[in-house]
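> As given, the protein sequences belong to chains A and B, one line each in that order. Counting in my numbering, the first sequence runs from 1279 upward without gaps. Counting in my numbering, the second sequence runs from 59 upward without gaps. Sharing a structure, written as structure tokens. Questions coming.
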Amino acid sequence: MSRHLLKIRVNGQEHEAKVESRLLLVDFLREQLGLTGTHVGCDTTHCGACTVLLDGVSVKSCTLLAIQADGREVLTVEGLSREGKMHPIQEAFWNHHALQCGFCTPGMLMSALFLLSENPLPNEDEIRRGIAGNLCRCTGYQFIVDAIFELAKGQRVSER
Amino acid sequence: MSERLIGKGVRRKEDPDVLLGRATYTADVKLSRMTYAAIYRSVYAHARLRKVDMSRALALPGVIFGLSGADLPAFVKPMSLSPYGASSGHVIWGERAPREKRSGPQTKYFPHLCLARDKVRFVGEPVAAVVATDPYVAEDALDFIEAEFDSLPPVTSVEQAVSHNAPLIYEEWGDNVQLRFKVSGGDVERAFEQADLIVKETIISSRYTGTPIEPRVVIGRYKEEDNLLEVWDSTQRSHSVSMFVRNSIDLPGLLVRVITLRVGGGFGQKRGFYSEEVLIPLLSILTRRPVKWVETRSEHMVGTSHARQQTHKMEAAVKKDGTVLALRDRIMADLGVAYPTSGTMSVINTVMYVPGAYRIQNYEGELFGVTTNKTVYGSHRAFGKADAGYAIERFMDVIAAELAMDPAELRLKNFIQPHEFPYLSVTGSRYDSGNYPKALTHTLGLGNYEMWREEQRRGWREGRYLGIGVTLVIEPNSASKPGAYNAGHYGVRIQMDPTGSITVFLAGNDEGQGHGTVVAQLVADELEVDFARVRTVEGDSLLCPFGSGSYSARFSVVGTSAVILASQRLKEKLLRIGAYVLGVGADEVRVARGGVEVTGDPSRRLSYEMIAEMAYFEVRRLPEGVEPGLEVLYYYIDPNLRAPGLKTVPDERGRFAAYSAFPYAANVAVVEVDVETGRVKLLEYASTDDCGRIINPKEVVGQYMGAFAHGLGGAFYEELVYDEAGQPLVQNFKDYLVPTALEVPRIKLDHMETPNPFTPGGFKGASETGAVGPTPTLANAVEDALRPLGVALKKIPLAPSVVWEAIHKAKEGSR
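Rendered as structure tokens:
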């Protein structure tokens, strides 16, 4: 099994590690960096619990090799808050009761962030499309959609 | 602090850690010297297991241990459904009475071990395990295990299982019927003689389940120096699992501690019990290393319980005016293998609640739980009552059609009336309270029923097929089956520490329901403390009072009752100490603003911190007869257990009071069916849900919506399909269609609060009604839409292909 030198920036911090070619990005984040906020919910790329941003684009980290992220930048759920202060998307989820068991939530947050970065003022259908790759079994999605709506409107108001 | 928190949609305490990515789920646990297990599973549905050769797997660098069924040490015992052990035979009831004396369910048992021996009986059955220092290597090692199977003819349906000369899955049993149970009440024969009309129908539902997004995880660590086996388990019931493991790993003096951290959804699939809950801890004993097993989704689809699949042959004795005099139901449930999950209990619930919301006092229910070569049947939202709700609500529409009667009218005619509560059902349950006519009438308004009937008539003239489904489903819950080992009580320990902070230890588990928030609301209201200073601990079998876990929404009913009453006892102690130190009578003080004050003179007060200091450090200042410390342990008993006239074990006709709280929901669904493609569009869905007094309205709506998505999935998308060789065709999320944000619509949801008269809080427990309602309501709506074409929809899920085929079959004149 060949090993490669991985140089990667995660949540603003540089890391270097020797990794097996077959190491999945999600396992690198969880096991080697201890960033267990990103979750694994399936093995066929369907559930989206492992969603992170790679150079600002949402990806399913269970279907990327860590080495594919060499020289690139990853944002995980742990990187959203600043000095313990929640990102507006996290506040919105909290306000709207958009989580119950929480297992799909980190992936939802990252997908929501990516959706809003591409489309700051989505309508309901666009929001639902944007999170269609994130399965949830607890919430029925309604409050998640409400939370994303609130953030979208907030962005318009604050001109972010 | 003086504003009451019960009834408020407060933000949850559980959420920040999740949102910040620092909540710990079981797969996140890292232990020193931890190793990883992978499980080799049968790819045959039915076969003799001849040999398992692990030598090549063990030779892989990084693999440290391997185990197959043949190598299990003698101290490993067969798995039992009851924590009391396998010897009790009819383990679901935990009763000790001899089999012949019981009129209850007759259930057969098989002493399965945690790894297969001699025979495999379903695809996915654990055959062997490997342990390695790296999880990828453990998975690699599976490819190097060689096992020899002689395949046997599989049994893949209930019809086949009970047919003449069917292969026997358990030769010892002599047949393939695991469970037989009959319950009856009234005089069914006479009622059928008096009928103006007899209506018959067969209602079939498919096999599906809940697939929580977090698969199962088990970690075992054996501490030899303490003879302590620690098991981290994503389970719904930590204490029960600790006993299950203890019974299955019979080492003298062994203490089993089960620790449950955050659980990513349960829905019944994490009630267990499962082979891995024994196997993984066993591996940690045999290797003297911590062993972690993380279920893959593919494993989950075969290794974690299935549910729902039932056939109901129903008959009703009906009068011309719509009165349903009597019901008969012959139920066949496809239970898969006889593994120790609670599938048998689930289907017993079904037969008990087929009469539903209706005052039908003549009933005969006959249940056959049949074993097949499939994954074990277990618990899934509403635990058998969803299946009863599906059957009766579909059947009521069949009856309405036969009578050419409006389905809402038929239901209103037959509902248990508000003045009849508490209502003793024909199967022996005491329904606590409710107003079914009001709920349905309100929902008809909310769902624009009259307007949609107009639209429907117009649509049929124009070649458009609109349909309306109307239901009212009950969801008996708070499983405190009298006489059963697993329930009837809820333990709480509430402790105020020397700083005045409060910790509440619960007997239950949390899979996302937000118990900590609810507990804080209750305690804050009772003791007038800051919501933020109340912490909850659950899921630890060593730290928490003994309990049977979380399922059946029982926390809302028995759990909250225990918390309220325990808080009141603590309050009494605080008031007693406060009164004494303030020099006034016990009736002259009250709690307020985080302390005890003289009523009417708030300047004379002691903060809880002051009282706590006395209780722990200055005990000489305590009144005579008052113990030091501020800690109350209290076990609440479900009122159902002590109510006069309620049977706690099945009587000679099989009747007993199985549940104690009865939330319900009325539903209206409007659909449009595209007859060219079979696609169904949902135009309207309205519900009125009554879960008694509401604790946290945001949580109630959130849970209802989540449950709704499960019910919707059952109606249109979810099915666990097996082929004739017993091979599961649905093995992952590619084939198993979990509804996404695009499939789950917004719905109209209103609430009614008919308090539960038998509990301190008046709560009934919420969330499962949402899972029960949609499936029959939507099926009724689709069938209603296609009525002009004479289409009968015989099974769910109603995938476009299923609807399309039914339409074309009807068009060709065959039914």
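For glycine and all other residues, C-beta sits at the position ideal for the given N, C-alpha and C. Computed from a predicted structure; not experimentally measured.
#1: Flag Glu-1437 of chain A as yes if its beta-carbon sits less than 8 Å from any beta-carbon of chain B, otherwise no.
#2: Would you be able to state if there are at least three C-beta pairs under 8 Å between the segment 84 to 98 of chain B and the segment 163 to 171 of chain B?
#3: For Gln-1291 of chain A and chain B, any beta-carbon pair shorter than 8 Å?
#4: Need the endpoints of the alpha helix (DSSP H) that Tyr-411 of chain B sits in, please.
#5: Among residues of its own chain, excluding the 5 on either side of His-1317 of chain A, which ones have a beta-carbon nearer than 6 Å to its beta-carbon?
#6: Output, in sequence order along the chain, the residues in the segment 1349 to 1364 of chain A whose CB is closer than 9 Å to any CB in chain B.
#7: List in chain order: all unbroken beta strand (DSSP E) runs of 3+ residues lying wholly within the segment 552 to 636 of chain B.
#8: Is it right to say His-477 of chain B is buried, meaning 16 or more other beta carbons lie within 10 angstroms of its own, or is it exposed?
#9: Pop quiz: Asn-1412 of chain A and Ser-1395 of chain A are said to be a contact at Cβ under 8 Å. What is the actual Cβ separation, rounded to whole angstroms?
#10: Show which residues of chain A have a CB atom less than 9 Å away from the CB atom of Glu-757 of chain B.
#11: Is the beta carbon of Gln-236 of chain B less than 8 Å from the beta carbon of Gly-427 of chain B?
#12: Checking 8 Å against the spacing of the C-beta atoms, do Leu-502 of chain B and Asp-808 of chain B come in under that value?
#13: Do you know how far the Cα of Leu-468 of chain B is from the Cα of Thr-381 of chain B?
#14: Cβ closer than 9 Å: which chain B residues qualify as neighbours of Arg-1300 of chain A?
#15: If we cut at 8 Å on Cβ distances, does Thr-1341 of chain A have a partner in chain B?
#16: Checking contacts by CB at 8 Å: is Tyr-94 of chain B closer than that to chain A?
#17: Which same chain residues end up closer than 6 Å to Asp-696 of chain B when comparing Cβ atoms and leaving out the 5 residues on each side of it in sequence?
#18: Taking Glu-353 of chain B and Val-275 of chain B to be in contact with their CB atoms under 8 Å, please state how far apart those CB atoms are, rounded to whole angstroms.
#19: Tell me the DSSP secondary structure of Met-810 of chain B in three-state form.
#20: Tell me, please, whether the CB atom of Phe-1392 of chain A is closer than 8 Å to any CB atom in chain B?
#21: Would a C-beta distance cut-off of 8 Å place Val-690 of chain B and Ile-552 of chain B closer than the cut-off?
#22: Quick one: does Thr-501 of chain B have its CB under 8 Å from some CB of chain A?
#23: Using a Cβ-Cβ cut-off of less than 8 Å, list which residues of the segment 766 to 777 of chain B approach chain A; keep chain order.
#24: Considering just the uninterrupted stretch of the alpha helix (DSSP H) at Tyr-693 of chain B, what are its terminal residues?
#25: How many angstroms separate the CA atom of Gly-641 of chain B from the CA atom of Ala-578 of chain B?
#26: Taking only the alpha-carbon atoms, compute the straight-line gap between Lys-377 of chain B and Phe-453 of chain B and give it to the nearest angstrom.
#27: Are Gln-514 of chain B and Ile-532 of chain B closer than 8 Å when you measure CB to CB?
#28: State yes or no: is the beta carbon of Phe-1427 of chain A nearer than 8 Å to at least one beta carbon in chain B?
#29: Could you check what DSSP says for His-358 of chain B in three-state terms: helix, strand or coil?
#30: Which partner residues does Phe-180 of chain B have in the DSSP bridge list?
#31: Closer than 8 Å, CB to CB, is Ala-843 of chain B near chain A or not?
#32: Starting from the C-beta of Glu-730 of chain B, find all residues in its chain whose C-beta is less than 8 Å away, skip the five residues before and the five after it, and write them out in chain order.
#33: Looking only at DSSP bridge pairs, what is Met-1279 of chain A linked to?
#34: Using three-state DSSP, classify Glu-204 of chain B as helix, strand or coil.
#35: Is DSSP giving Phe-123 of chain B helix, strand or coil here?
#36: Select from the segment 776 to 792 of chain B all residues with a C-beta closer than 7 Å to any C-beta belonging to chain A, and list them in chain order.
Checking against the coordinates, here is how it stands:
#1: Its pLDDT being 35, under 50, Glu-1437 of chain A is placed unreliably by the model, and the measurement read from it follows with that caveat. Not an interface residue.
#2: In the pairwise beta carbon analysis, the segment 163 to 171 of chain B is classified as not touching the segment 84 to 98 of chain B: fewer than three pairs are separated by under 8 Å.
#3: So no, Gln-1291 of chain A is outside the interface.
#4: First-last of the alpha helix (DSSP H) with Tyr-411 of chain B: 401 to 411.
#5: Excluding sequence neighbours, His-1317 of chain A sits near Ala-1327 and Phe-1381.
#6: Within the segment 1349 to 1364 of chain A, the residues whose Cβ lies closer than 9 Å to some Cβ of chain B are Thr-1354, Val-1355, Glu-1356, Gly-1357, Leu-1358, Ser-1359, Gly-1362 and Met-1364, listed in chain order.
#7: If we require 3 residues or more, the beta strand (DSSP E) runs fully inside the segment 552 to 636 of chain B come out as 560 to 564 and 592 to 595.
#8: Result: exposed.
#9: Rounded, the Cβ-Cβ distance is 16 Å, inconsistent with contact.
#10: Per Cβ cutoff of 9 Å: His-1375 and Gln-1378.
#11: Taking 8 Å as the cut-off, the Cβ atoms of Gln-236 of chain B and Gly-427 of chain B count as close.
#12: Contact flag unset, no.
#13: Cα-Cα distance, rounded: 8 Å.
#14: Those are Tyr-194, listed as they occur along chain B.
#15: Answer no: the Cβ-Cβ gap between Thr-1341 of chain A and chain B never drops below 8 Å.
#16: Not closer than 8 Å to any Cβ of chain A, the Cβ of Tyr-94 of chain B fails to qualify, so no.
#17: For Asp-696 of chain B, where only same-chain residues beyond five positions count, the Cβ hits under 6 Å are Ser-538, Gly-546, Val-616 and Ser-718.
#18: The pair is a contact, with the Cβ atoms about 7 Å apart (cut-off 8 Å).
#19: Looking at Met-810 of chain B - three-state DSSP - the assignment turns out to be strand.
#20: It does not; no Cβ of chain B falls within 8 Å.
#21: Contact: yes.
#22: No, because no Cβ of chain A sits closer than 8 Å to the Cβ of Thr-501 of chain B.
#23: Cβ proximity to chain A below 8 Å picks out Phe-766, Ala-767 and His-768 from the segment 766 to 777 of chain B.
#24: Counted as a single uninterrupted DSSP element, the stretch harbouring Tyr-693 of chain B is not any alpha helix (DSSP H) but the beta strand (DSSP E) occupying residues 689 to 695.
#25: In a straight line, the C-alpha of Gly-641 of chain B is about 31 Å away from that of Ala-578 of chain B.
#26: Approximately 15 Å, taken between the alpha carbons.
#27: Against a cut-off of 8 Å, the Cβ pair of Ile-532 of chain B and Gln-514 of chain B comes out as no contact.
#28: Phe-1427 of chain A does not count as touching chain B.
#29: Helix.
#30: None, per the DSSP bridge assignment.
#31: Under the Cβ distance rule, Ala-843 of chain B does not count among the residues neighbouring chain A, no pair being separated by less than 8 Å.
#32: Non-local beta-carbon contacts of Glu-730 of chain B in its own chain, meaning distances under 8 Å to residues more than five positions away in sequence, involve Gly-517, Arg-522, Tyr-523, Leu-524, Gly-525, Val-738, Lys-739, Leu-741 and Ala-843 in chain order.
#33: Partner(s): none; Met-1279 of chain A has no beta bridge.
#34: Here Glu-204 of chain B sits in strand by DSSP.
#35: The answer is strand: DSSP assigns Phe-123 of chain B an E or B state.
#36: Taking 7 Å as the cut-off between beta carbons, the residues of the segment 776 to 792 of chain B near chain A are Asn-790, Phe-791 and Lys-792, in sequence order.
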